[in-house]
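Please read the structure below before turning to the comments.
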Amino acid sequence: MKRKAKARALILAAVLGSAVLLGGCARQTGAADPVAITVWHYYNGAQQVVFSRLVNEFNETVGAQQGIVVEPHSYGTIGDLTQQVKDAIYDKVGAEPLPDLFAAYADTAYEIDRLGMLADLGEYLTTEEQQAYIAAYLDEGRFDTGGFKIFPVAKSTELLSVNKTEWDAFSAATGASEADLATWEGIASLAERYYDWTDARTPDLSGDGKAFFGRDAFANYILIGSMQLGVELFSVEDGRITLQVDHDVMRRLWDNYYVPYVKGYYASYGKFRSDDLRTGDIAAYVGSTSGATYFPGEVTRADGSTYAIEGAVYPLPNFAGTQPMAVQQGAGMVVVKSTEERERAAVTFLKWLTAPEQNIAFALASGYLPVTRAANDVETLLQAAQDAEVEMTPVLRGTLEIGVEMSENYEFYTSRAFAQGYEARQVVENSMSGRAKTDRAAVEEAMAQGVDRDTALAPFLEDACFEGWLAEFNRALAQAALS
Amino acid sequence: MRKRKRQGRAAVRSGSIRRRLLLMLMVLLLLQTAVYLLVFFKGGVQGEARKNAFSIFREQTANRALDLGNDMVERWSNTREGENDVYAAVGELLDEYGLTAEALLKDSVLCRQLVADTAEHVIAMLRRNGVTGAFLVLDNTEEEGGRPGFYVRDYDPASYAAGNADLLLERGLPSVARENGVALDSYWSAFFDLDDAPAPENQYFFAPLQAAAAVEPENRSREYFYHWSGRFRLSELDRDVITYSVPLIWEDGTLLGVLGIDVSCDYVAGQLRYQELGDGTAGAYFLGISRDGGTTYTTVCTSGANFIAWFGQAPSIAPQQTDQEGVVCFRQGTRTLYGVVQPLKLYNVNTPFEKEQWALVGLQNGAHLLASTQRIQRLILVSALVCLALGVCLMLLAARYLTKPLTNLVSALEKSDPDKPIRLPRLGMSEIDALTGAIENLSNSATESASRTSKILAMIHIPIGVFKYQKDGQSVFCSRSLCELMGWPVPEEDTYLTSAEFRGRMEHLRAYQYSGEPAIYRLPGEGSGNRWVQLTWREEGDTILGAFEDVTRDVEEKRRIEYERDFDILTDLYNRRAFDQQLRKLFSPARRGRLQVAALLMLDLDNLKYVNDTYGHDYGDRYIQAFAKCLESFYCCRSVVGRRSGDEFNVFLYGYENQEAVRACLKRFRDEVGEASLVLSTGDRMRVRASGGLAWYPRDAGNYEELLRMADFAMYSIKHTVKGRIQEFDREDYERNSILIQGQDALNRMIDGRLVRYALQPIVSVADGGVYGYEMLMRPQLEQLKDLRSLFLLAKAESKLLQIEELTWAETLAAFDRLDRTGMIAPGQRVFINSVASQCLTDEDLAALEQRYGRLLSRVVIEITEGEASVGNITSRKKHRAQLWNAQLALDDYGTGFNSEAVLMEYAPDLVKVDVSIIRGIDADPDRRDLLNSLIGYAGTRNIRVLAEGVETAAELETVIACGVDYIQGYYIARLDFEVRPIPARVQQEILTLYRKYTFG
């Protein structure tokens, strides 16, 4: 009996042993190969440079130790990136396969999450680790599907950048006060005075005044403005969207953008308003903090000649008599559901990327605001800059200072994600601004044909114009958001 | 060894069947597996698989290179139309202004004009070619900011936005941008800053231009100088691009500038679908340029993280050749990265940049590339092993199928009751079944004989139970009689118990073990008394055979004898022997330490003789029992109690802290005794009384014997004083009277060893001054007995006076005989012998003396001392004897207590010895003289001679002679001596003189 048992055990051991041996071989090759994860981002310029540098650093240090390789892939804009992601998700012909992680706004992330394709990052971060991040940033990624899906990497808000050289001249000539830069109403009034001031510089030509102000990411103007004025445009509860387009609120928004715009006080020509400032077409703009590196050191005139300018940064203007409020934005990173190994590798990268040291380096180079509580501090940032001997332009420095200051004084708002949020936002982005641009073109066209300015403007200043737009806006919005 | 062999005989045989079977099958299986593996590994299957893997790899890379080459050559770099548009615009301008091309280049305004005019064509080319950028740079060096031109970007060539909204301007005047609806890019600038000609980032401009410039203007063919730049950035913060640029050569050979496109490296990388090279991230593509014939490749762009994993941000790679055609490799430690280099034919033969060899390199991890080969290899191995394992399992099953019934049969056989006929299962194998039948038959006959034995055993009523088991067996055979004997539940027949059950019962039995060798157990009996069983067992190999025998009768008999040996039947106390034994045990060196303070109490029951004599022995026994009952009070103490003899009891109390504790015990006992009484036949109550002597350990004695003696002495003392009490040993008293106790031995020794000598003292006759005779006085040789008074006291106490008498007679006569023979005592001289008054020799002794010393007896003077009245007849017998012998009788110590006138009258001795108490100082005391005179008067009339003892002075001598004594004895005459010495002549003369003086006046 005993001998038999022994023989049996021997055979069992042999079979098991060989299985382990072979299994071991298989594992070995796996272990030797690093986990390669691809990341799609939309950073450009300085942001892309620092991001690439950080990715390389990760690959050479932590990645090398843990067998993780990160391959970044840049798309020019968040729009291009989002399109690529959607193409990949919906298997468009010629689309690339989905990366392991990509940058996404909450609404895009929400849409993809509803397809069940996003990993729950909560599984990879301890409560303690989560607490290191600014709570509001994490909350943005908490959807009704549970868990949290968006890893905050770099956040931005909006502020006012001013061509200080131009402003100083304007202010000296007209007595314009910096105080007016604090409200939209003030900006509008300043813009009018600036138009008049520049118009007056060519006495022989009338109606050739210059625009003072421009705005990037126009949707934020509507979303924040509406919210600030008491009505949340996209009211999301339990994933259900309610559109709240308030007539009076919209009118005020209209009066403080469309109206100055068609009058030529505001403008947008290039891709970003910083481009417009660089060509001397505008003197101030509201843009993302992350655009701080784009603030030009000189203005290039239409003939290619240039002159040096200085910049100044101010907090985001508010509507008169409201609580300060600003957008909290910046695409976070989402991790596509795959294997635990890949997901963990992706999160490992993200944790490293957002650790204070890296996060600060990224902030200093890009104008994005840090996402960890430890890093989101002016003193810390400036000290780090000094330590790293980073040369910061006054605008970048001011941007960080004001940005962090705003994160303390302003209420940061970001609309909740919902299905069709991306499309709805596109409507908000383009509806009023597009109308303004078109109508301004029409005004200029008319003026070019000899119609005097007031006559050319008149149809666009009528209430009917607003009502017409509002109806159209409501329709388009409903179609985008509720279809 | 032998044991194992025997035990495993059946197993060995079945094992060998199986082993042979297994061996054969195993060899077969191994051979089969070996052939299988040999064919696979040596048959070239592997090499083929490897080749295939590389071949597929090559093909994939080649396809991708083809695609990329097509894009680059046919699509992206298709600038012909754009060139023509530019040339047309140039032609128009030249025509309009009537200038030469060279002059046009010198005119900044016209150059701006040209750029503005051609911008839409450049944009169109960008769209047409599906590239990420397009540019026109004029070689005008007149502008301050740099060369004029137009450089437009489209980051996403796949999509198209109306109004050029998706385009960004990198270089060019804002006015041109606005005209064309193109936004300015972040790092836009108005002019091309191309001051640094050799800089890599400027080669998109200079390379084709300088190549063309190197050729004579008339030979500058437009299709000849195109150039693909390597990776570069337009500005520091711009993204990586590659460009294709052609020089713009006017008809007269003037070099106007360059026209070209760019493709961003990200875009190129996007086209290089590395995923096709193996699952996930194992593959990568590398696009590079080799300027050294393929030794190193400068990185243009890469796709796939695997490249980063291997090379990081390497600016170039250097592949190594492999044995596979067209396959290169890179090694890192044990890991290998394989590459397939697919050259891209971008330049025509004999073009200036022909040496810049572009190549697409497909890369794959060796592990992944050859994964399928290795997987097949593993599968083959696993399947071979699995087959082997399965084969082995099946073999085992088959072997088991064959041998299991046999094993079962053996186990059935082993389990079967050997005392019953065995019934075994049939296996359906004829040979085995035949064997089974034979076993059954054999067992039947064996069983019959066994049952006969059992029956015989039962018939002869031997109270014996047997059991049997195998050492590692599961059950134990127990005979029915065993169960009866042991008081276990009795089965109907002989039975089997499980080993555990049996072991449990044996374990239980251990509590009843009475003796170890032989193993005897006392079983609690039902009702009356215990039962005793004796275990005997024997080991035979692995078999244990054992029997329990009822030995109750033997054991109880033995115990009864033991009891009777050790216990006094009357009192149930230890007898003397057992008591001594117990005490010796207690006093053994090992246990002595536990004694602490101990006491030996010797008790003597008073009045027993009286009870016996008065009421009969029956009451005497009851009297003893009543006392023994009192002794039970000691049972609660640490004690040993024994009856020493008829009326003597010993009690030993031990292990006490101090004497007080012992005394407390004793007090209880005394109280008990005080209340005890015996009801006599008369109805009276007789109180129990006892005397006791007590000696302490260790105060009085250090060992048992001594303690016994001390206690004995204490009791002796009390017995001779006040009865009915307990006397503790008194050292002083003991030392005083020890002779009485200690002298016993000495006395015995003296008597037995005849350790006495006799000294002689001459007795002189007054009439002639000659020696009348000698008094023989006993002198014991033992120091303890030197004192004669004590000696006699002792002898009397010990009832040894008769022996002393015998000794005296024997020794004095022997001495007399010797002295007579040697002539020391002259013939006619007499010997005075001190006979013990109360003793008389037996007739036998007397006869013996007469026979031996008959001739001397007439010369003997028997000195007698009369004491008690009862000895009167003894004195008569002595007188009678003296008359027979013709000897004389002397009355000793006349004048002291016992011998007086009455005795003198009664016995009419021949001689009377006046005691020294009368002689001492007689010369000065008229009373003594009167006494002596009256005696002499009395004696003279009755023919009794008078002898004066103890004469020590001349005055005494003269007085006694004057009084008229016949004989004189004393120091004045001669001292005691062991030798016979002559009387000094001076004394003789003095006596004679005095005699004459007083006789004859």
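Protein chains in written order, with this note's numbering: chain G, 32 to 514; chain L, 130 to 1130. Where is the CB? At the ideal position from N, CA and C, for every residue including glycine. Only a predicted model underlies this, so the values are computations on that prediction, with no experimental measurement involved.
Using Cβ-Cβ distances below 7 Å, what residues of the region 302-316 of chain G are close to chain L?
Listed by position, the residues of the region 302-316 of chain G near chain L (Cβ gap below 7 Å) are 302, 306, 309 and 310.
Use the C-beta contact count for residue 61 (chain G): other C-beta atoms within 10 angstroms, 16 or more gives buried, fewer gives exposed.
Against the first sequence, residue 61 (chain G) aligns to sequence position 30. Its pLDDT being 38, under 50, residue 61 (chain G) is placed unreliably by the model, and the measurement read from it follows with that caveat. Exposed, by the Cβ-count rule.
In terms of residue numbering, what span does the beta strand (DSSP E) encompassing residue 607 (chain L) cover?
Start at 1 with the first residue of the second sequence, and residue 607 (chain L) comes out as number 478. Segment 604-607, the beta strand (DSSP E) holding residue 607 (chain L).
Hey, does residue 304 (chain L) have any beta-carbon neighbour from chain G nearer than 8 Å?
Position 175 of the second sequence, counted from the first residue, corresponds to residue 304 (chain L). By this cut-off, residue 304 (chain L) is an interface position.
At a Cβ cut of 8 Å, what residues of the region 100-119 of chain G count as close to chain L, listed as they run along the chain?
Per Cβ criterion, the list reads 100, 101, 102, 104, 105, 106, 107, 108, 111 and 114.
Compute the beta-carbon to beta-carbon distance between residue 784 (chain L) and residue 723 (chain L), rounded to the nearest angstrom, for a pair I have assumed lies under 8 Å.
By 1-based counting over the second sequence, the position of residue 784 (chain L) is 655. By 1-based counting over the second sequence, the position of residue 723 (chain L) is 594. Correct: roughly 6 Å between the Cβ atoms.
Going along chain L, which residues have a C-beta under 7 Å from residue 398 (chain G)?
Residue mapping note: residue 398 (chain G) aligns to position 367 of the first sequence, counting from 1. Ordered by position in chain L, no residue passes the 7 Å Cβ test against residue 398 (chain G), which lies about 12 Å from the chain.
With a CB to CB cut of under 6 Å and the five nearest residues on each side skipped, what residues in its chain are close to residue 1100 (chain L)?
Along the second sequence, one-based indexing puts residue 1100 (chain L) at 971. Contacts found: 1081.
Would you say the region 431-443 of chain L touches the region 154-167 of chain G, given that touching needs at least three Cβ pairs under 8 Å?
Output reads no: the region 154-167 of chain G does not touch the region 431-443 of chain L.
Can you list the residues of chain G that residue 512 (chain L) reaches, using a CB-CB cut of under 9 Å?
For the purposes of this step, residue 512 (chain L) is taken as the residue at position 383 of the second sequence. Those do not exist, as residue 512 (chain L) stays about 11 Å from chain G at its closest Cβ, beyond 9 Å.
May I have the straight-line CA-CA distance separating residue 1021 (chain L) from residue 820 (chain L), to the nearest angstrom?
Taking the second sequence and counting its residues from 1, the one referred to as residue 1021 (chain L) is at position 892. Taking the second sequence and counting its residues from 1, the one referred to as residue 820 (chain L) is at position 691. Rounded to whole angstroms, residue 1021 (chain L) to residue 820 (chain L) spans 40 Å at the Cα level.
Which residues in chain G have a C-beta closer than 7 Å to the C-beta of residue 307 (chain L)? List them in chain order.
Counted from its first residue, the second sequence places residue 307 (chain L) at position 178. Under the 7 Å cutoff, chain G gives 300.
Taking only three categories from DSSP, how would you classify residue 803 (chain L)?
If you number the second sequence from 1, residue 803 (chain L) lands on position 674. Helix, per DSSP.
What are the start and end residues of the alpha helix (DSSP H) that includes residue 319 (chain G)?
If you number the first sequence from 1, residue 319 (chain G) lands on position 288. That residue, residue 319 (chain G), is in no alpha helix (DSSP H); its beta strand (DSSP E) goes 315-319.
Where does residue 523 (chain L) land, buried or exposed, given buried means 16+ other C-beta within 10 angstroms?
The count along the second sequence starts at 1 and reaches residue 523 (chain L) at position 394. Label assigned to residue 523 (chain L): exposed.
Would you report the Cα separation of residue 346 (chain G) and residue 422 (chain G), rounded to the nearest angstrom?
The residue you call residue 346 (chain G) lines up with position 315 of the first sequence. The residue you call residue 422 (chain G) lines up with position 391 of the first sequence. Each residue's alpha carbon lies about 23 Å from the other.
Mind checking if residue 284 (chain L) is an interface residue toward chain G, Cβ cutoff 8 Å exclusive?
Taking the second sequence and counting its residues from 1, one reaches residue 284 (chain L) at position 155. Yes, contact with chain G.
Would residue 55 (chain G) be called buried (16 or more neighbouring beta carbons within 10 Å of its own) or exposed?
Against the first sequence, residue 55 (chain G) aligns to sequence position 24. Interpretation of residue 55 (chain G) is limited by its pLDDT of 42, a score under 50 that renders its predicted location unreliable; the figure taken from the coordinates is listed afterwards. Exposed, since its Cβ has fewer than 16 Cβ neighbours within 10 Å.
Any beta carbon from chain G within less than 8 Å of residue 440 (chain L)'s own beta carbon?
Here residue 440 (chain L) is taken as the residue at index 311 of the second sequence, counted from 1. With 8 Å as the cut-off, residue 440 (chain L) does not count as an interface residue toward chain G.
Name the chain L residues that come within less than 7 Å of residue 76 (chain G), Cβ to Cβ?
Here residue 76 (chain G) is taken as the residue at index 45 of the first sequence, counted from 1. Under the 7 Å cutoff, chain L gives 315, 316 and 366.
Take residue 495 (chain L) as the anchor and find which of L:506, L:483 and L:460 has the nearest alpha-carbon.
Within the second sequence, residue 495 (chain L) is the residue found at index 366, counting from 1. Closest by alpha carbon: L:460.
Is there at least one Cβ from chain L nearer than 8 Å to residue 67 (chain G)'s Cβ?
By 1-based counting over the first sequence, the position of residue 67 (chain G) is 36. So yes, residue 67 (chain G) belongs to the interface.
Do residue 404 (chain L) and residue 128 (chain G) have their C-beta atoms closer together than 8 Å?
Against the second sequence, residue 404 (chain L) aligns to sequence position 275. Against the first sequence, residue 128 (chain G) aligns to sequence position 97. A contact, by the Cβ cut-off of 8 Å.
Examine chain G for any beta-carbon lying closer than 8 Å to the beta-carbon of residue 297 (chain L), and answer yes or no.
Mapped onto the second sequence, residue 297 (chain L) falls at position 168. It does; some Cβ of chain G falls within 8 Å.
With H, G and I counted as helix, E and B as strand and the rest as coil, what does DSSP make of residue 102 (chain G)?
Start at 1 with the first residue of the first sequence, and residue 102 (chain G) comes out as number 71. If DSSP states are grouped into helix, strand and coil, residue 102 (chain G) belongs with the strands.
Could you compute how far the alpha carbon of residue 909 (chain L) sits from the alpha carbon of residue 1065 (chain L)?
Within the second sequence, residue 909 (chain L) is the residue found at index 780, counting from 1. Within the second sequence, residue 1065 (chain L) is the residue found at index 936, counting from 1. Cα-Cα distance, rounded: 35 Å.
Using a Cβ-Cβ cut-off of less than 7 Å, list which residues of the region 116-144 of chain G approach chain L; keep chain order.
Listed by position along the chain: 127 and 128.
Could you compute how far the alpha carbon of residue 344 (chain G) sits from the alpha carbon of residue 201 (chain L)?
Counting from 1 along the first sequence, the entry for residue 344 (chain G) is found at position 313. Counting from 1 along the second sequence, the entry for residue 201 (chain L) is found at position 72. Approximately 46 Å, taken between the alpha carbons.
Determine, using beta carbons only, whether residue 331 (chain G) comes closer than 8 Å to chain L.
Your numbering for residue 331 (chain G) matches position 300 in the first sequence. Cβ-Cβ to chain L under 8 Å: yes for residue 331 (chain G).
Below 7 Å CB to CB, which residues in the same chain sit around residue 427 (chain L) once its five sequence neighbours on both sides are set aside?
Residue numbering aside, residue 427 (chain L) sits at position 298 when the second sequence is read from its first letter. 359, 417, 418, 444 and 445.
Can you tell me whether residue 369 (chain L) is helix, strand or coil according to DSSP?
Taking the second sequence and counting its residues from 1, the one referred to as residue 369 (chain L) is at position 240. Residue state, collapsed to three classes: strand.
Just to make sure I have the definition right: I need the residues of chain G whose C-beta is within less than 8 Å of the C-beta of residue 399 (chain L). Which are they?
As a working note, residue 399 (chain L) is residue 270 in the second sequence. Here the neighbours are 104 and 127.
Starting from residue 486 (chain L), follow its DSSP beta bridges and name the residues at the other end.
Residue mapping note: residue 486 (chain L) aligns to position 357 of the second sequence, counting from 1. According to DSSP, which records beta bridges pairwise, residue 486 (chain L) is partnered with L:419.
Less than 8 Å between the CB atoms is what I'm expecting for residue 244 (chain G) and residue 222 (chain G), so what's the real figure, rounded?
Along the first sequence, read from residue 1 onward, the residue named residue 244 (chain G) stands at position 213. Along the first sequence, read from residue 1 onward, the residue named residue 222 (chain G) stands at position 191. 5 Å between Cβ atoms; contact.
How should residue 718 (chain L) be labelled, buried or exposed, when 16 other C-beta atoms within 10 angstroms of its C-beta is the threshold for buried?
Residue numbering aside, residue 718 (chain L) sits at position 589 when the second sequence is read from its first letter. Looking at its Cβ environment, which holds fewer than 16 other Cβ atoms inside 10 Å, residue 718 (chain L) is exposed.
Residues of chain L with a CB under 7 Å from the CB of residue 90 (chain G): which are they?
In the first sequence, the residue the question calls residue 90 (chain G) occupies position 59. Under the 7 Å cutoff, chain L gives 437 and 441.
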